[in-house]
Each structure stands twice: as C-alpha cells, then as structure tokens.
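Peer 1:
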Amino acid sequence: MSSNTTTQGFSNVRQTRFWQKGFLASQSAYVLVALLVLIVIMSFASANFLTPGNIGNIARNFSFIAIATLGITLVIITGGIDLSVGSTIAFTATITSLIMVGLNKIGFAPFPGAAMIVSVLGGLGAAAVIGFGNGFAVAKLKLSPFVTTLGTLSIIRGLTYVFTYGRGTGPTGPDKELFLALTSGQLGGVPVGFIYLIILAVIMWVVLNHTAWGRHVYAIGGNESAGRLTGVPVDRVKIQVYMLCAMAAGFNGIIISGWLGSAPANLATGYELNIIAAAVIGGANLAGGVGGAAGAIIGCILIEVIRNGLVLARVDPYWQQTLVGCIIVAAVLVDRFRSLRNG
C-alpha cells in the first residue's frame, strides 16, 4: 500500500468537528443555547418580557451579582471557593458609606469628588484586606477554602453589624449625587453597572487568555503540584485571586448601595449562593481548571431571566431557588456527560 493511501485511510481518525472546539465545546455554550430557548419561551409567555424597560431591569439586576461572579470564577478556576462574598458585599458598602459620612462631618472637600474617591478606595481597600486574609489562610496556612471562607462569612457579617449597630448607613455630603450617578445612573440608556461589568469581563478575558498570570491560574486549578514543579508561584497567585474576588464583591456592594441609596447591615444576605450558582452554571468547574468571564455572565443572565420570568408569570417566588438548584444539577450532569463522551 502506498504512503498516500495509508495517509488517506487514517485521515479521519479522531477528527475534531468544529462544534467540539473552543467555546462551542464548553458547558457555557450549552447554557447559552438553553438561555436563548428560555428567552424565546418567556417572550411568548409574557408580552412584557422583551420590552425596553424590562430588558433594562434584567441588565441592571444581574449586574448586581455578575461582577462578584467574575471574581469568584477566578477562585473556582484555582480549585478554591469563597463563601464570604455576600458578607464582603455588605461590609464594603458599609465601610464606603461610613467613610463618606465621616468625611462630611469634618468638612473634607479639597475638590469635587474627593470625598467619594477616598470613600470608594477605603471600601475597596477593606475588601482587599478580607481577600488577603482568605488567600493567606488558604495558600500559606493550607487551610480548607470552604472552612476558611465560611468563617470569614460570619466574621465579616458580624463586624458589619458591630460597626452599624444593625442599622443601615447611606452616602451623604456634597458628593452624594455624584456617587449615586456613578453607581445607579445610566449612560445612553444603559445602566452604568452593566457597563462596568462588560469592561471588567473584557479585562478578565484578556488576562486569562493572553497573559502568563492567566495561564498560572488555570495551571493551579488543573494540577497544583505540577504547577509548582514548573515554576508557577502558586501561593502568590492564590492570594491575588482571593483578593481580586473580594474586591469584585466589594465593588458590587458599592454599586448596590448606590442603587438602594443606602447600605443596609443585612445587605446581600444569601447572595453567595446565587453567585456561586451562576459561576457553576456558566461552566466553572468546582474541581478547578475550567471557567471564564463569558460563562460567568451567561450564568448570571440565566438566573435573572428565570427570576424575572417567574415574576412576570406571577409564579410563587419561593420556587426560584428550587429552579436554580435544579439548573445547577442539570448543568453539572450535562458537563459530566460531555466529558465522558469526549473522553
């Protein structure tokens, strides 16, 4: 048999189809298809679903957890978890408001927007400290991410109540209107929270896919021991990832407090469940090594579309969490079947 014939005979062995490559082969693609089907169904079920006002509500509402979902996706890619994101949202919003109130009392206003800038930086700084504590405990002290962040959840929520005596705080002073405009306003009819989300998602996509740091994040989740042997600074990257996760949650908290006009002490209670659910539904694998910005956003949109559709259909809202849980199980099953098939 000639070499040409031999080559031709084996040319189709293990040939990869276009839908088995890249994004199309990921769980995020399956979830995106499910989302599109759900949107079509909802549009027929309710005439109000695709109205500009309702689309704006969906864009704003899912942005309230989507930025935090980007952060926790980074942690999940490394094989970790952060249960304290909900408490971090509340704590950061509270610290930001308290600083703004304090600066207003002492008349701090060297230039327009100064008090707001200092307050926001102070809030994000507090979030970074929380993230550093989680990351240090996980990376250096080798504590379980689940137990560590579960403890942080309680500690930070408790401190939020301690600092506020259980009462909510709110932005005040000469920069209040600017703060509200930059957190709850609109730009060209688009909620600013959604704009922040898209900018951060693009940055995250570029970093994960086109930088050495991004490759290190995936390497840690794929095989941490192998990563160490190849020179990946595992401990440092883990700490950085937890800090970014906490700061993303904190930024989400600042946006939510701007929309509400205050920072209640019980803000974002239970949000960590929806945030983790959105990341997992979007394709982040709790075992590590898999996940991305697009999947995180798709997961958030799917959860919000379900919630919004249930409200429009006047379905008992208590069914929302049940359906989200069913979707998580379905997403994991689909990913499992897909892995077995490709394997």
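Using full-length UniProt numbering, read the sequence shown as starting at 1 and increasing by one per residue.
By construction, the Cβ of each residue, glycine as well, lies at the ideal position given by its N, Cα and C atoms.
Can you tell me where the alpha helix (DSSP H) holding Pro52 begins and where it ends?
Peer 2: Per DSSP, Pro52 belongs to the alpha helix (DSSP H) from 52 to 77.
Peer 1: Within this structure, are the beta carbons of Leu267 and Ala126 separated by less than 8 Å?
Peer 2: no
Peer 1: Would you mind sorting Arg60 into buried or exposed? The rule is 16 or more other CB atoms within 10 Å of its CB.
Peer 2: buried
Peer 1: Quick one: residues in its chain with C-beta nearer than 7 Å to the C-beta of Val33, no 5 flanking neighbours on either side, listed in chain order?
Peer 2: none
Peer 1: According to DSSP, simplified to helix, strand and coil, what is Thr211?
Peer 2: coil
Peer 1: Grab me the residues of Glu304's own chain with a C-beta within less than 6 Å of its C-beta, minus the 5 sequence neighbours each way, in chain order.
Peer 2: Ile58, Asn61, Phe62
Peer 1: What do you reckon, are the CB atoms on Val129 and Ile254 nearer than 8 Å?
Peer 2: no
Peer 1: Using the C-alpha atoms, what's the distance from Pro110 back to Leu35?
Peer 2: Each residue's alpha carbon lies about 49 Å from the other.
Peer 1: Do you know how far the Cα of Ile195 is from the Cα of Leu49?
Peer 2: First, the amino acid is wrong: residue 49 is Phe here, not Leu. Computed Cα separation, rounded: 22 Å.
Peer 1: Report, in whole angstroms, the separation of the C-beta atoms of Tyr271 and Gly86, which I expect to be a contact under 8 Å.
Peer 2: 4 Å
Peer 1: Whole alpha helix (DSSP H) runs in the stretch 79 to 143 with 4 or more residues, listed along the chain?
Peer 2: 85 to 105, 114 to 139
Peer 1: Note the first and the last residue of the continuous alpha helix (DSSP H) segment covering Arg157.
Peer 2: 145 to 164
Peer 1: On a Cα-Cα basis, can you pick out the residue from Asp175, Thr183, Ile203, Ile72 that is closest to Phe146?
Peer 2: Ile72
Peer 1: In three-state terms, what does DSSP make of Val33?
Peer 2: helix
Peer 1: Can you have a look at Arg14 and say buried or exposed, based on whether 16 or more other CB atoms are within 10 angstroms of its CB?
Peer 2: Summary for Arg14: the model assigns pLDDT 49, below 50, so the residue's position carries little reliability, and this model does not support an answer.
Peer 1: Entirely within the stretch 231 to 271 and at least 4 residues each: give me those alpha helix (DSSP H) ranges in chain order.
Peer 2: 234 to 260
Peer 1: Just curious, the alpha helix (DSSP H) that Ser225 is in, first and last residue?
Peer 2: First-last of the alpha helix (DSSP H) with Ser225: 224 to 229.
Peer 1: Compute the Euclidean distance between the alpha carbons of Gly292 and Thr169, then round it to the nearest angstrom.
Peer 2: 35 Å
Peer 1: Take Leu153 as the anchor and find which of Leu273, Gln27, Gln320 has the nearest alpha-carbon.
Peer 2: Here the closest residue by C-alpha is Leu273.
Peer 1: So, are the CB atoms of Ala219 and Val232 less than 8 Å apart?
Peer 2: Judged by beta-carbon spacing, Val232 lies within the 8 Å limit of Ala219, meaning their Cβ atoms are closer than that value.
Peer 1: Write down the C-beta distance between Leu178 and Gly113 rounded to the nearest angstrom, noting that I regard them as a contact closer than 8 Å.
Peer 2: 6 Å
Peer 1: Less than 8 Å between the beta carbons of Ile298 and Val31, yes or no?
Peer 2: yes
Peer 1: Please classify Asn209: is it buried, with 16 or more other beta-carbons within 10 angstroms of its beta-carbon, or exposed?
Peer 2: exposed
Peer 1: Take Ser26 as the anchor and find which of Leu310, Trp319, Thr322, Val280 has the nearest alpha-carbon.
Peer 2: Val280
Peer 1: Look up Thr322 in the DSSP assignment and say whether it is helix, strand or coil.
Peer 2: helix
Peer 1: Over what stretch of residues does the alpha helix (DSSP H) that includes Leu178 continue unbroken?
Peer 2: In the DSSP assignment, Leu178 falls within the unbroken alpha helix (DSSP H) covering 176 to 184.
Peer 1: Based on Cα-Cα distance, which residue from Val37, Ala139, Ile77, His216 lies nearest to Asn285?
Peer 2: Closest option to Asn285, judged by alpha-carbon separation, among Val37, Ala139, Ile77, His216: Ile77.
Peer 1: Quick check: the stretch 312 to 324 against the stretch 39 to 55, are there 3 or more CB pairs under 8 Å?
Peer 2: yes
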